[in-house]
Amino acid sequence: MESMLWIIGLILFLITLPGTIELAVLTFPGLAGIRRRPPAAGEDIRLTVVIPAHNEEQGLPITLQSLLACDHPLAASDLHVIADNCADGTADVARAAGCTVMERHDTRLRGKGYALNWAFQQIQQKDYDALIVVDADTRVDTNFLDAYRNLFAHGADAGQAAYRVGNPEANFRTRLMHIAFLAFNFLRPVSRQNLGFSAGILGNGFALSMKTVREIPYDSFSIVEDLEYHTRLVRAGKKVEFLPDTSVWSDMPETSEAAQTQRERWEGGRLRMTAEQTPKLAAGVLSGRLRLLEPLLELLLLPLSYHLMLLTFLVFVGRGGFFTWYAVAGLLMVVLHVVIAMLVGKASAEDWKALMSAPFYILWKIANIVGIVKTAGKGADWNRTSRDSKQEP
9 MESMLWIIGL ILFLITLPGT IELAVLTFPG LAGIRRRPPA AGEDIRLTVV
59 IPAHNEEQGL PITLQSLLAC DHPLAASDLH VIADNCADGT ADVARAAGCT
109 VMERHDTRLR GKGYALNWAF QQIQQKDYDA LIVVDADTRV DTNFLDAYRN
159 LFAHGADAGQ AAYRVGNPEA NFRTRLMHIA FLAFNFLRPV SRQNLGFSAG
209 ILGNGFALSM KTVREIPYDS FSIVEDLEYH TRLVRAGKKV EFLPDTSVWS
259 DMPETSEAAQ TQRERWEGGR LRMTAEQTPK LAAGVLSGRL RLLEPLLELL
309 LLPLSYHLML LTFLVFVGRG GFFTWYAVAG LLMVVLHVVI AMLVGKASAE
359 DWKALMSAPF YILWKIANIV GIVKTAGKGA DWNRTSRDSK QEP
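Residue numbers (the working numbering): 9 to 401.
The following block contains the structure:
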């Protein structure tokens, strides 16, 4: 019995150790403040915004209005809307707003990555310095475009704006998603920036210089194509810069069914990417390319709910020995990570109160493990997540 518990403890230790190290590395540097770039002459930087849209006729108008309301907005024709395998009026909505519409119909190569790669190949032939990707269900801050003009005036390879939840008040799940975004989409990029690492691509509100697009084509086609592409950027020696002072805002699903579908897609895709990319990144680290170590640790860090669950189990399996003390330290690191993320991200009083419902959220996520594993074995079909406004008790 003792030997069996020791083996289980060792397995849990090895699974959670990379994530615990990653949390330790990316928690405390965020307290050092946020590095900001000095203003640069960015008036001559030519930007375009690429909006991938699959059946988004309802949400697209808000996104277009938000972009056109920016300080020093782009011409509507510089907004490229990809109407990808749409069966609704997405293309008509974009045309009515004066946007450049790129209609794509390919039922075999389905997915956001395919749509972006197809569009980038055409857009890179035009006279732009950089392109920005904004999802079709998104609102942006008014300084969004100016922040990117300044970034690319400094010669950046790529950038990522803060990605935030637009409807935290909807229910306990969206509130806790907001808190999770403060950790994943704000504290960690800030810490990476402070440490000189690549900040990461979060799938929405990111930008690439045209030089980067030409050198590293966006041929990343998994469910989490943003994570896949970022690993390729880092392996090529490129760096993504974080823009903490401008944000993109997207509403999270409010119903249990829609939220479950989204989590299965995100986390299942991430699980698949972990299996595919870990050997490549590990081989790179072993060959001396140490810049790949942090992306490798980030890939091996489980979602916090599952990381927390395994550490809690290890506390009891360890039976007071080394594994128990390691697990206690790991749990403390998770708590510190969340608390510091909320402090750095300036969480509201309602956010702090919402932590009381975290155990229920964790149980809900654990119940979805089977669906996540199933999704990990699927291709990159682009299935729009429902965001209906139905409120839940």
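All C-beta atoms in this analysis are idealised placements derived from N, C-alpha and C, irrespective of residue type, glycine included.
Where ASP92 sits in the DSSP three-state scheme:
Your numbering for residue 92 matches position 84 in the sequence shown. In the structure shown, ASP92 sits in a strand (DSSP, three-state: E or B).
Could you pull out every residue in the same chain whose Cβ sits closer than 8 Å to the Cβ of ASP137, ignoring the five residues on either side in sequence?
Here residue 137 refers to the residue found at position 129 of the sequence shown. Once the five neighbours on either side are set aside, the close Cβ partners of ASP137 are ILE53, ARG54, LEU55, PHE160, SER217, MET218.
Pick helix, strand or coil for SER258, following the three-state DSSP scheme.
Locating residue 258 in the sequence shown gives position 250, where the first residue counts as 1. In the structure shown, SER258 sits in a strand (DSSP, three-state: E or B).
Are the C-beta atoms of VAL109 and some chain C residue less than 8 Å apart?
Absent from the structure: chain C. Only one protein chain is present.
Looking at the structure shown, is ILE59 part of a helix, part of a strand, or coil, going by DSSP?
Numbered from 1 along the sequence shown, position 51 holds the residue referred to as residue 59. Residue state, collapsed to three classes: strand.
Which of the three DSSP states, helix, strand or coil, is assigned to SER356?
Taking the sequence shown and counting its residues from 1, one reaches residue 356 at position 348. Of the three classes helix, strand and coil, the one that applies to SER356 here is coil, per DSSP.
Determine the DSSP secondary structure at GLY167, reduced to helix, strand or coil.
Along the sequence shown, read from residue 1 onward, the residue named residue 167 stands at position 159. Of the three classes helix, strand and coil, the one that applies to GLY167 here is strand, per DSSP.
What is the residue span of the beta strand (DSSP E) that SER217 lies within?
Residue 217 sits at position 209 when you count from the first residue of the sequence shown. 214 to 217 is the span of the beta strand (DSSP E), which, as asked, contains SER217.
Where in the stretch 229 to 303 do unbroken runs of the beta strand (DSSP E), each at least 3 residues long, occur, reported from the N-terminal end onward?
The stretch 229 to 303 is shown to contain whole beta strand (DSSP E) runs of 3 or more residues at 248 to 258, in chain order.
Within this structure, are the beta carbons of PHE205 and GLY167 separated by less than 8 Å?
Counting from 1 along the sequence shown, the entry for residue 205 is found at position 197. Counting from 1 along the sequence shown, the entry for residue 167 is found at position 159. No, the Cβ-Cβ distance between PHE205 and GLY167 is not below 8 Å.
Alpha carbon to alpha carbon, how far is SER228 from ALA95? Give it in angstroms, no decimals.
Here residue 95 is taken as the residue at index 87 of the sequence shown, counted from 1. Here residue 228 is taken as the residue at index 220 of the sequence shown, counted from 1. Between ALA95 and SER228, the C-alpha separation is close to 24 Å.
Would you grab the beta carbon distance between SER255 and ALA169 for me? Rounded to a whole angstrom, and I think it's under 8 Å.
Along the sequence shown, read from residue 1 onward, the residue named residue 255 stands at position 247. Along the sequence shown, read from residue 1 onward, the residue named residue 169 stands at position 161. Rounded to the nearest angstrom, the Cβ distance from SER255 to ALA169 is 6 Å, consistent with a contact under 8 Å.
Considering LEU139, what are the terminal residues of the beta strand (DSSP E) in which it resides?
Here residue 139 is taken as the residue at index 131 of the sequence shown, counted from 1. That run of the beta strand (DSSP E) goes 138 to 141.
In terms of alpha-carbon separation, which member of GLU64, GLY97, VAL58 lies closest to ALA84?
Against the sequence shown, residue 84 aligns to sequence position 76. When each option's Cα is compared against that of ALA84, the closest is VAL58.
Where GLY292 falls, given that 16 or more other Cβ within 10 Å makes a residue buried:
In the sequence shown, counting from the first residue as 1, residue 292 sits at position 284. So GLY292 ends up on the buried side.
Thinking C-alpha only, which one of ILE19, LEU304, LEU124 is nearest GLY208?
Locating residue 208 in the sequence shown gives position 200, counting from the first residue. From the listed residues ILE19, LEU304, LEU124, the smallest Cα separation to GLY208 is found for LEU304.
Mapping the DSSP letters down to three states, classify ARG327 as helix, strand or coil.
Working through the sequence shown from its first residue, we reach residue 327 at position 319. Three-state result, ARG327: coil.
Rounded straight-line distance, which links the Cα of ARG172 to that of PHE189
Walking along the sequence shown from the start, residue 189 turns up at place 181. Walking along the sequence shown from the start, residue 172 turns up at place 164. Roughly 6 Å between the two C-alpha positions.
Taking the continuous beta strand (DSSP E) assigned at THR146, which residues delimit it?
Stepping through the sequence shown from its first residue, residue 146 is reached at position 138. Run containing THR146: 146 to 148, per the beta strand (DSSP E) assignment.
Are there 16 or more other CB atoms within 10 angstroms of the CB of MET364, so buried, or fewer, so exposed?
For the purposes of this step, residue 364 is taken as the residue at position 356 of the sequence shown. Under this definition MET364 is an exposed residue.
What is the DSSP secondary structure of MET12, counted as helix, strand or coil?
Position 4 of the sequence shown, counted from the start, is the residue given in the question as residue 12. Of the three classes helix, strand and coil, the one that applies to MET12 here is helix, per DSSP.
Smallest Cα separation from ALA32: which of GLY328, ASN158, GLY338?
Reading the sequence shown from its first residue, position 24 is the one you call residue 32. Closest by alpha carbon: GLY338.
State the Cα-Cα distance for the pair LYS382 and TRP372, rounded to the nearest angstrom.
Here residue 382 corresponds to residue number 374 of the sequence shown, with the count starting at 1. Here residue 372 corresponds to residue number 364 of the sequence shown, with the count starting at 1. Distance between the alpha carbons of LYS382 and TRP372: 17 Å.
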